[in-house]
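In this note's numbering, the protein residues as written are 23 to 179.
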């Protein structure tokens, strides 16, 4: 249990740092940078928690992105700012760079070989699909709270 807490804390700290950096690149005012860092830490930490419970990375990313969406809506209401100001920087540390990199490297290896190996094709397809599904989970998970919150009609009548 203690190792899970330390892993989540480590994950939260090291996901808040790039979130602050990207928020600065996107010209987020400096008084809002801690909120971007907090949203990123909560999102990435919760994804680590879901992964430790055995959830696939796509579903863990979806739930973490939904949490980031809810948290950033709360921050936006508190500060009268757009939710995307916090959300974009907070979601960037969850982008599947390793899977995308391995997909591209596998594609390059496929084109360099004279004959295609089934193992390499499987690796490229697997990493490519994982990349697409994680990116889809990020976008849908981040958008869903806003779609449910900012409705002109009530969800339940």
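Glycine included, C-beta positions come from ideal geometry on N, C-alpha and C.
Residue i to residue j span [Cα, whole Å]
i: residue 96; j: residue 133; result: 48 Å
i: residue 28; j: residue 171; result: 34 Å
i: residue 149; j: residue 128; result: 9 Å
i: residue 151; j: residue 57; result: 32 Å
i: residue 131; j: residue 173; result: 48 Å
i: residue 82; j: residue 168; result: 19 Å
i: residue 153; j: residue 80; result: 9 Å
i: residue 34; j: residue 60; result: 8 Å
i: residue 146; j: residue 158; result: 18 Å
i: residue 140; j: residue 160; result: 30 Å
i: residue 23; j: residue 135; result: 47 Å
i: residue 138; j: residue 88; result: 40 Å
i: residue 187; j: residue 69; result: This structure does not reach residue 187, given that the chain is present from 23 up to 179, and the question cannot be answered.
i: residue 49; j: residue 78; result: 34 Å
i: residue 105; j: residue 119; result: 24 Å
Segment limits, alpha helix (DSSP H) that includes residue i
i: residue 165; result: 140 to 171
i: residue 32; result: 24 to 47
i: residue 99; result: 79 to 101
i: residue 74; result: 55 to 74
i: residue 107; result: 106 to 113
i: residue 135; result: No alpha helix (DSSP H) holds residue 135; DSSP gives it neither H nor E.
Cβ-Cβ distance between residue i and residue j below 9 Å
i: residue 164; j: residue 117; result: no
i: residue 65; j: residue 47; result: no
i: residue 76; j: residue 37; result: no
i: residue 115; j: residue 40; result: yes
i: residue 111; j: residue 42; result: yes
Rounded Cβ spacing between residue i and residue j (contact assumed at less than 8 Å)
i: residue 44; j: residue 162; result: Residue 44 to residue 162, Cβ: 21 Å. No contact.
i: residue 72; j: residue 62; result: Not quite, the Cβ-Cβ distance comes to about 16 Å (not below 8 Å), so this is no contact.
i: residue 91; j: residue 166; result: 6 Å
i: residue 108; j: residue 54; result: 7 Å
i: residue 142; j: residue 74; result: About 31 Å separates the two Cβ atoms, so there is no contact after all.
Review point. Would you call the region 119 to 134 and the region 98 to 106 in contact, with 3 or more CB pairs under 8 Å?
Key: no
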